[in-house]
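Asks: As they're listed, the protein sequences go chains R and U.
Heads up: the first sequence at position 36 corresponds to 36 in our numbering, and the numbers run straight through without jumps.
Heads up: the second sequence at position 86 corresponds to 1086 in our numbering, and the numbers run straight through without jumps.
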Amino acid sequence: MTHDRQQDAPRTEVGRNVTKIDAFKLARGEPVFTDDIHPPGMLWAKVLGSPHAHARVLEVDATRALALPGVVDVAWHAQVKAIPHTRAGQSHPEPSPWDTVILPPKVRFIGDRVAVVVAETLEVAERALGLIDVRYEVLPALTDMDEALARTDVLIHEDPDPRGIAEGGRTNVAARIDKQVGDVEAALKSCDHVVERTYWLPRVQASHIEPHVAISWLDEDGRLVVKTSTQVPFHLRRILARILELKEADIRVIKPRVGGGFGDKQEMVMEDLVALMTLRTRRPVRLEFTREEELICARVRHPQRIVMTTGVMNDGTIVANRMRVTADTGAYGSHALTVQGNTGQKVLPMYPCAHIHFQVTCLYTNNPISGAFRGYGAPQGCFALECHIDEVAKVLGHDRLELRRKNHIRLGDTDPLSAKLGEGKEGLVRVIRSTGLEKAIELGCEAIGWGQRQEPTAPHLSRGLGMALAMQGSGIAGVDWGAATVKLNEDGSVNLAVGATDIGQGSDTVLAQICAEELGIRYEDVRVLSSDTDLTPFDVGAYASSTTYVSGGAVQKAARAVREQLAAIAAGRWECTTTDVRFGEGQVSGPGGKAWTMAELASHALYQAKVQPMATASHLSNESPPPFAAQFADVEVDRETGEVFLRRFVSAVDCGTPVHPDLVLGQIEGAVAQAIGYGLFEEVIVDAAGRVRNPNFLDYKIASALDMPEMITILVPTEEPSGPFGAKAAGEVPIDGPAPAIVNAICDAVGVRIYRIPATPERVWRQIKEAGE
Amino acid sequence: MWDLKEYRIAGSPGEAVAMMRRGPGKGVYIAGGTDLFLFPPQCDYAVDINHAGLGAIARTPDGDVFVGAAATLHHIATNPFVTGYAGGLLAQAAAHCGNRPVRSTATLGGNLCNALPSADLAPALLALDAVCYIVDEDSQESLPLEDFFEGPRRTVLGDRLLAGIALPAAGAGWRAAARRLTRSAEDIALVQVAVALSVADGRLGAVRIALGSVAPVPMRAMLAEAQLEGEAVADLSPDRLADAGLIAASECDPIDDHRASAAYRRQMVGVLTRRLLAGLLAEQPRNDDQGSAA
């Protein structure tokens, strides 16, 4: 018998802006992050990065380094067993190619791992790097993705048949996708207009405040403990066990508080190195990236070139859509297939039509490694599609808002690509069961003043408005799952243990709210433990906009199971049926006015009934309902200098039920801030030799407080039937639309199209100048 | 990591120079340290000048405004002598450097002595005819700021110390404005232009056009200035101002780098110079438009 929470009961915990669960300890500066506490006897690690973009490491001579007082150990490829794997941090079986080993005998980008040194101090470790003598056989470097595609005489991964590489050992293609619904080529012939444009997306870095940092040691039983700033503790444990040849039970991964991840910490960027050195030296080892190392050796958003071809009728009906993506995965294929898959899968369904063709060619190059970054391919695709819709409207002479309204996906529609394309293979059919998109468009238009000309603030400025629509997912359908354990204490409070990883986004808070709501107690009576592979149940981790929706589902199930146990205990005592037992506001009530506080019931359970009310539940979703966003930019452009001044930015977002509205607003505004950088400022510049030219915040420009526009953020709640208390995701969808909305606004202001972001002053100036000539 | 063996704190400018000369090895002066900690130089010791009495901003008996080398940018941005001098040009330049935490620490001396082509205060100071005061162990000399910079990261100082700069009384009533072009709000300037001029009886008196980030050193566009000095304001059509901008553009010597192209920088010198001139000439005449603060 199930005891569904009464659907009509008012929610007291979900939807409430409770105090963030870790707010006080963070504000007080408690030592809660990975690097805050160092175990005694800890060694400091540094990585010797390759000075060559492509070279064989023939010989590493560490004699001079080891002679330096304080240096304890140096490891290089000849000393470490080479077990192919991927560092992508995905569910098993991983869709990313196993093209990596801990220390590669061939380095594939400037900064690739040549050797790792550990020493008694950081200074000694840094000095030791200069004393390691390396003999390289330098190979030709491929840093241009078209050249990488054309050349087969230079192979970046040439091992015969490496697992999972699309054309392993024959070409430099890391992944290919070619999926079609209908027949685009034929359909285009019958369209009134065919519009084709090409868009270029830059390499950008997540720039989380806390860099990658990991500390490992052996516990008193000789087990390996890795404390790390990660999004994926359980994937990490699995990968480490395999490549270090240990039992999973002999590895403990602890995720403390994390200072931002944005996908960049979905990858095993360094944990294998500290673990390796701990196993070699039997001592604690700590490694942290500098900002320069972050910008060279961590992960970047895949640079892409996207060709959009759209067939449209005179009345504005979109008949056919083709997206052809060429992408640069850099030296290794982390997320090569799945990020690029998302570029189409998460984006093209916005305008369903009978003919859709999606093609990807993703190339290995000798550039820095691309990987997961908030949005996961969708920001690239959304930029191309939403700029392209404006271009189509211009060709048609239609209003760009009405063109979107006429064609966008609606309630009950089937996502046309979903069956063809899941996580790198056939997917599950997706039907839209909740959408606030129309309402979001309406409210967003109202907030920005769509259709009303804003006056420029100076004569040399032109003002314009732009918009973009976006959709994402809520977890990966049929793949992502998580588990939660709920345990009741004798005073009615609850311990909630989750494998889900709070990385600053506030998932511990949101999961506690879901637990409290389902159990009929207050949020303040829930304590959360996340995440520790010894103590918490499994969860895939914080990525793919999954935590509230997927892990929240597990929490809801576990809390419900505990409530059923309590109902049985109360029914036994009150001699009634369990359906007569009601929960809510800390009270448990039965027939005839019988009532207990939760504390009384809990005390009864533990001391009279002598049972521990407790449950662990797992949750997998075969659906991934899309959250929706309508985003609007108001810009002024200096026609003579090309400067873009973003005056106002409006986001209207449907994330289902906002479990914690303020945290959702924080997600949206943070995503917008990050995406303003994508649209206007950010680009990791790599020269033809493969060297990063701007590995610092002086020249890699992220947006700061001074760059922020007036930000208007609107929540458009819906009730998603498959989500916990109607919730969908919020973490990624708002990062998709700002760049195209800003660029569309620039176009509206000065009449020129920016096809390549970031829209730096000089790029905008050149476009204006070319248009004038 | 900054590997310093010794940190010396000077009690006076003369003592600072003596400490610098004492050796052994190589030393560096430090005030706010915001640039030094970004790119720590190879040196053995630092000489701290924060306690050498160089932090003040004052009006001298002659009516000059003296800004000590250790005055912070925030102090400069908010000091009434500076905000009241030539339309507050220098104060505005200081207010646009970095962000508030940086401005509370960074100093005038650091900004000038690092001698970056993009030094944020340099164009404003050049446009205001600033004079540098340089101290030795027991002597002092002054020279125009134009003669201070020798090249990127090179000045005339040697191991002497910049004590501060003076803004001459004569320029206090000049009209002045500046503009810096950046990619994001907190950024190294791609192009900087500062213009100062005096108007008397409908004619231009002094005209100063100073440029930053477009040559090895911050510089004056003297040919453009000469085109305008002495001209009747009524004769200065938009075309004439545009020409002056083009001349200034032809005088600079920008480079291509990953921040911007030389061509863009040069064009922007023309655009910004023209706009600044037009803006200043459109200002309503003021009582102090006689070219003197008196």
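By construction, the Cβ of each residue, glycine as well, lies at the ideal position given by its N, Cα and C atoms.
Bear in mind that the values here come from a model prediction, so they are computed numbers and not experimental data.
Tell me where the beta strand (DSSP E) around residue 461 (chain R) begins and ends.
Replies: Element bounds for residue 461 (chain R): 461–471.
Asks: Does any residue of chain U bring its CB to less than 7 Å from the CB of residue 776 (chain R)?
Replies: Only positions 1 to 773 of chain R appear in this structure, which leaves residue 776 (chain R) out of reach.
Asks: If you count every other CB in all the chains shown that lies within 10 Å of the CB of residue 778 (chain R), and 16 or more means buried, which is it?
Replies: The displayed coordinates of chain R run from 1 to 773. Any statement about residue 778 (chain R) would go beyond what the structure contains.
Asks: Residue 121 (chain R): which of R:45, R:628, R:86, R:188 sits nearest, CA to CA?
Replies: Cα-wise, what sits closest to residue 121 (chain R) is R:45.
Asks: Using three-state DSSP, classify residue 1002 (chain U) as helix, strand or coil.
Replies: Coil, per DSSP.
Asks: Over the uninterrupted alpha helix (DSSP H) stretch that includes residue 1059 (chain U), give me the two end residues.
Replies: Note, residue 1059 (chain U): premise wrong, no alpha helix (DSSP H); beta strand (DSSP E) at 1057–1059.
Asks: Whole angstroms are fine: how far does the CA of residue 1056 (chain U) sit from the CA of residue 1008 (chain U)?
Replies: Computed Cα separation, rounded: 21 Å.
Asks: Does any residue of chain U have a CB that is nearer than 7 Å to the CB of residue 410 (chain R)?
Replies: For residue 410 (chain R), the answer is no, since every Cβ of chain U falls outside 7 Å of its Cβ.
Asks: Can you name, in chain order, every residue of its own chain whose Cβ lies under 6 Å from the Cβ of residue 289 (chain R), other than the five neighbours on each side?
Replies: Cβ neighbours of residue 289 (chain R) beyond the five flanking positions: 211, 212.
Asks: In the DSSP assignment, the alpha helix (DSSP H) including residue 1359 (chain U) goes from what residue to what residue?
Replies: No answer is possible for residue 1359 (chain U): it lies beyond the span of chain U, which begins at 1001 and ends at 1294.
Asks: Tell whether a beta-carbon distance below 7 Å holds between residue 1174 (chain U) and residue 1196 (chain U).
Replies: Yes, the Cβ-Cβ distance between residue 1174 (chain U) and residue 1196 (chain U) is below 7 Å.
Asks: Assess, as a yes-or-no matter, whether the stretch 358–365 of chain R is touched by the stretch 336–350 of chain R under the definition of 3 or more beta carbon pairs within less than 8 Å.
Replies: Yes, since at least three Cβ pairs between the stretch 336–350 of chain R and the stretch 358–365 of chain R fall closer than 8 Å, the two stretches touch.
Asks: Using C-beta distances below 8 Å, list every residue in its chain close to residue 281 (chain R), excluding the 5 sequence neighbours before and after it, in chain order.
Replies: Closer than 8 Å at the Cβ level, and outside the excluded window around residue 281 (chain R), lie 43, 72, 73, 118.
Asks: Report back the beta-carbon spacing between residue 388 (chain R) and residue 308 (chain R) to the nearest angstrom; my notes put them in contact at under 8 Å.
Replies: Contact holds; Cβ gap of about 4 Å.
Asks: Could you check which residue in R:754, R:711, R:736, R:691 has the C-alpha nearest to that of residue 54 (chain R)?
Replies: That would be R:691, whose Cα lies nearest to the Cα of residue 54 (chain R).
Asks: Using three-state DSSP, classify residue 1269 (chain U) as helix, strand or coil.
Replies: In the structure shown, residue 1269 (chain U) sits in a helix (DSSP, three-state: H, G or I).
Asks: Residues of chain U with a CB under 9 Å from the CB of residue 681 (chain R): which are they?
Replies: Within chain U, the residues near residue 681 (chain R) are 1183, 1184, 1187.
Asks: Taking all protein chains shown into account, do 16 or more other C-beta atoms lie within 10 angstroms of the C-beta of residue 434 (chain R), making it buried, or fewer, making it exposed?
Replies: Buried is the call here.
Asks: May I ask you to report which of helix, strand or coil DSSP gives residue 270 (chain R)?
Replies: It is coil, neither helix nor strand.
Asks: Roughly how many angstroms separate the alpha carbons of residue 716 (chain R) and residue 729 (chain R), rounded to a whole number?
Replies: Each residue's Cα considered, the two are about 13 Å apart.
Asks: Say whether chain U places a C-beta atom closer than 7 Å to the C-beta of residue 247 (chain R).
Replies: Answer no: the Cβ-Cβ gap between residue 247 (chain R) and chain U never drops below 7 Å.
Asks: Is it a yes or a no for the stretch 87–99 of chain R touching the stretch 267–276 of chain R, going by three-plus beta-carbon pairs under 8 Å?
Replies: With a cut-off of 8 Å, the stretch 267–276 of chain R and the stretch 87–99 of chain R count as touching, because enough Cβ pairs lie within range.
Asks: Which same chain residues, not among the five before or five after residue 1004 (chain U), have their C-beta less than 8 Å away from its C-beta?
Replies: Contacts found: 1043, 1044, 1045, 1046.
Asks: Return the bridge partner residues of residue 1068 (chain U) from the DSSP annotation.
Replies: In the DSSP output, where bridge partners are listed per residue, residue 1068 (chain U) has U:1164.
Asks: Do you know offhand how far residue 542 (chain R)'s Cα is from residue 1151 (chain U)'s?
Replies: Spanning the two alpha carbons is a distance of roughly 51 Å.
Asks: For residue 701 (chain R) and chain U, any beta-carbon pair shorter than 7 Å?
Replies: Yes, because at least one Cβ of chain U sits closer than 7 Å to the Cβ of residue 701 (chain R).
Asks: Who pairs with residue 308 (chain R) in a beta bridge, going by DSSP?
Replies: Beta-bridge pairing links residue 308 (chain R) to R:197, R:323.
Asks: From the DSSP output, which residues share a beta bridge with residue 434 (chain R)?
Replies: Residue 434 (chain R) pairs with nothing; no bridge assigned.
Asks: Between U:1259, U:1224, U:1255, which has its C-alpha nearest residue 1242 (chain U)'s C-alpha?
Replies: Checking every option, the nearest Cα to that of residue 1242 (chain U) belongs to U:1224.
Asks: In the DSSP assignment, find the unbroken beta strand (DSSP E) run with residue 633 (chain R) in it and report its ends.
Replies: Taken as a continuous stretch (DSSP letters only), the beta strand (DSSP E) holding residue 633 (chain R) covers 628–638.
Asks: Distance check for residue 256 (chain R) and residue 295 (chain R), CA to CA, integer angstroms please.
Replies: Their backbone Cα atoms lie some 24 Å apart in a straight line.
Asks: For my contact list, residue 284 (chain R) and residue 41 (chain R) are in at a C-beta cut-off of 8 Å; report their separation, rounded to the angstrom.
Replies: Contact holds; Cβ gap of about 6 Å.
Asks: Compare the C-alpha of residue 33 (chain R) against each of R:170, R:228, R:65, R:125 and name the closest.
Replies: Minimum Cα distance to residue 33 (chain R) is reached at R:228.
Asks: Give a yes or no on whether 7 Å exceeds the smallest Cβ distance from residue 620 (chain R) to chain U.
Replies: For residue 620 (chain R), the answer is no, since every Cβ of chain U falls outside 7 Å of its Cβ.
Asks: What span of residues does the beta strand (DSSP E) with residue 1052 (chain U) cover, start to end?
Replies: Neither: residue 1052 (chain U) is in no beta strand (DSSP E) and is coded neither H nor E.
Asks: So the beta strand (DSSP E) residue 42 (chain R) belongs to, where does it begin and stop?
Replies: No beta strand (DSSP E) holds residue 42 (chain R); DSSP gives it neither H nor E.
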